[in-house]
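The sequence shown begins at 12 in the numbering used here and counts up by one.
Note that CB positions come from ideal geometry on N, CA and C, so glycine has one too.
As C-alpha cells, the structure follows; a few thoughts come after it.
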Amino acid sequence: MSHFDVIIIGGGPIGIACGLEAKKNGLNYLILEKGAIVNSLFNYPINMQFFSSSEKLEIDGIPFISKEAKPKRNEALEYYRRIVTSNELNIHLFERVEKVQKDNNLFTIDSSKASYTSTNIIVATGFYDIPNLIGVPGEELPKVSHYYKDPHFYASQKLAVIGASNSAIDAALECWRKGSEVTLIIRGPEVGQRVKYWVRPDIINRIEEGSIKALYNAEVKEIKEGSLIVSINEGDIEIENDFVLALTGYMPNFNFLENLGVSLSPDEKRLPEYNPETMESNIEGLYLAGVICGGMETHKWFIENSRIHAPIIINSILKRSEAVN
Ligand SMILES: Cc1cc2nc3c(=O)[nH]c(=O)nc-3n(C[C@H](O)[C@H](O)[C@H](O)COP(=O)(O)OP(=O)(O)OC[C@H]3O[C@@H](n4cnc5c(N)ncnc54)[C@H](O)[C@@H]3O)c2cc1C
12 MSHFDVIIIG GGPIGIACGL EAKKNGLNYL ILEKGAIVNS LFNYPINMQF
62 FSSSEKLEID GIPFISKEAK PKRNEALEYY RRIVTSNELN IHLFERVEKV
112 QKDNNLFTID SSKASYTSTN IIVATGFYDI PNLIGVPGEE LPKVSHYYKD
162 PHFYASQKLA VIGASNSAID AALECWRKGS EVTLIIRGPE VGQRVKYWVR
212 PDIINRIEEG SIKALYNAEV KEIKEGSLIV SINEGDIEIE NDFVLALTGY
262 MPNFNFLENL GVSLSPDEKR LPEYNPETME SNIEGLYLAG VICGGMETHK
312 WFIENSRIHA PIIINSILKR SEAVN
C-alpha cells in the first residue's frame, strides 16, 4: 500500500493549492479527486463569469490572465488545469474517497480504486455535490433540475426559477435573454441583497418592466407535469410550466465529515470544528480547507478568501513533522 505524508481529498481550486504548497515544501503528497480537475467549476453554468477579478483567484501567486477583469468559467478551467499539468501535480482523477480510518496516528484511505496510508489528511471536498432540496411533491420529475448549465435548452419554454441568490438571478436573466418565459419564485419579499451589485439593478428593471415575472413571498407547494402550485400571500395559484430550475443552494457532505470523526456544531450552521490558526480539525492530523469550513454557511468561504488555507495547513504539517523527528 502506498504511503504519503499528506493525502488531499478533493481537486478543486483549494485542494490544488494545497497540493502545490505540499510539493513546494518537499512533502510526499497525493490529491484524490472524484471527477475532473476542478470538478465543481467544470459543472458551473457554461457562460458563468466569476464575481472575483482574476488576480483574486490566483494560487501561489501564479498569474491568472483573463480577457476581462472578471474571468469566465472557461478561463478558470484553463488556469487551474495548467497549474496541475505544468507543475505535474500528483493527482488521481475520477477516484472517489469512500472511507478514512485512523489507527495509531496513521490514516488509511480507501478510494473507489485503491487503498493508501497517510500521516496527514486535508479534506477539501467543497459543497457543490448536494443540492438543498425544496422537499415538495414532483421535485423528482425530469423537468426539475438543481443545476443550471445552458440557456439554449430553455428557449421558448415556460421556465420557473426558484431562488433569489446569484445563481438563480443569473439563470433567470440569461434564459430570458435567450427567449424563455421566466417566472422567478422568491421566498422572501425581494431579490437577495447578496446578488452582485452590477446584476441587481438589471433584474429589478426586468421585473419592473414585466419582462421577467416575479412572485415574492412565494413557495412552491407542488410540481406537476405541466404546471406548478405556488403559495403566495393571496392564496394558492397554479401557473403553467415546462421546466423548473430549483437553485436554492448546496451543502457540504456532512455524513462524510461525520464518518471521518469531525465534530459539527449542533445548530443549523453545522460548522465543523477546527483551529483557525492551523486549520486542523478535532482529529489530529486531519485538516479542513476551502469552502467546507463554513458548514451550511456556504457563502462564507470562497476561492478568494480560502486560498490562504494551503500555506497555513502545510506550515502546520511541517511543524508537526519537525516536532516528531
Ligand atoms: C456560480 C458560482 C460562482 C462563483 N464565483 C466565485 C467567485 O467569483 N470568486 C470566488 O472566490 N468564489 C466563487 N465561487 C465559489 C467557489 O467556486 C467555491 O468556493 C470554490 O470552488 C471552493 O473551492 P474548494 O476547492 O473548497 O471546493 P470545490 O471547488 O467544490 O472542490 C471540491 C472538490 O472535491 C471533490 N470531491 C468531493 N467529494 C470527494 C470525495 N469523496 N473524493 C474525492 N473528491 C471529492 C469534488 O468533485 C470537487 O472537485 C462561486 C461559486 C458558484 C457556485
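Near ligand 1: residue i beta-carbon under 7 Å from a heavy atom
i: residue 307; result: no
i: residue 136; result: yes
i: residue 301; result: yes
i: residue 322; result: no
i: residue 105; result: no
i: residue 266; result: no
i: residue 121; result: no
i: residue 62; result: yes
i: residue 6; result: The structure shown does not extend to residue 6, since the chain is modelled only from 12 to 336, so the question has no answer here.
i: residue 25; result: yes
i: residue 254; result: no
i: residue 158; result: no
i: residue 44; result: yes
i: residue 95; result: no
i: residue 313; result: yes
i: residue 221; result: no
i: residue 108; result: yes
i: residue 216; result: no
i: residue 174; result: no
i: residue 297; result: no
i: residue 50; result: yes
i: residue 59; result: yes
i: residue 139; result: yes
i: residue 178; result: yes
i: residue 165; result: no
i: residue 41; result: no
i: residue 237; result: no
i: residue 90; result: no
i: residue 68; result: yes
i: residue 208; result: no
i: residue 22; result: yes
Contacting residues, own chain, Cβ-Cβ under 7 Å from residue i (five flanking each side not counted)
i: residue 279; result: 307
i: residue 109; result: 121, 122 and 123
Beta-carbon contacts of residue i that lie in its chain and below 6 Å, excluding the five residues immediately before and after
i: residue 267; result: none
i: residue 322; result: 32
i: residue 130; result: 16
i: residue 113; result: none
i: residue 53; result: 47
i: residue 119; result: 112 and 128
i: residue 71; result: 31
Assigned secondary structure, residue i (DSSP; H/G/I helix, E/B strand, else coil)
i: residue 86; result: helix
i: residue 96; result: helix
i: residue 184; result: helix
i: residue 160; result: coil
i: residue 71; result: coil
i: residue 233; result: strand
i: residue 48; result: coil
i: residue 208; result: coil
i: residue 302; result: helix
i: residue 155; result: strand
i: residue 37; result: coil
i: residue 137; result: coil
i: residue 218; result: helix
i: residue 13; result: strand
Beta-bridge partners of residue i, as assigned by DSSP
i: residue 195; result: 172 and 225
i: residue 292; result: 285
i: residue 112; result: 119
i: residue 58; result: In the DSSP output, where bridge partners are listed per residue, residue 58 has none listed.
i: residue 132; result: 18 and 297
i: residue 201; result: Its beta-bridge partners do not exist; DSSP assigns none.
i: residue 269; result: Looking at the DSSP assignment, residue 269 forms no beta bridge with any residue, so it has no partner.
i: residue 310; result: Residue 310 pairs with nothing; no bridge assigned.
i: residue 142; result: 261
i: residue 251; result: 238
i: residue 103; result: 43
i: residue 178; result: Answer by DSSP bridge pairing: none, since residue 178 is not bridged.
i: residue 243; result: 246
i: residue 91; result: DSSP output for residue 91 lists no bridge partner at all.
i: residue 31; result: Partner(s): none; residue 31 has no beta bridge.
i: residue 127; result: 13 and 120
i: residue 256; result: 156 and 172
Proximity test, Cβ basis, 8 Å: residue i and chain D
i: residue 149; result: Structure shown: chain D not included; a single protein chain is present.
8 Å CB neighbourhood of residue i in its chain, flanking five on each side removed
i: residue 150; result: 144, 234 and 257
i: residue 206; result: 175, 176, 177, 180 and 214
i: residue 331; result: 131 and 296
i: residue 199; result: 175, 227 and 228
i: residue 210; result: 177, 180, 181 and 184
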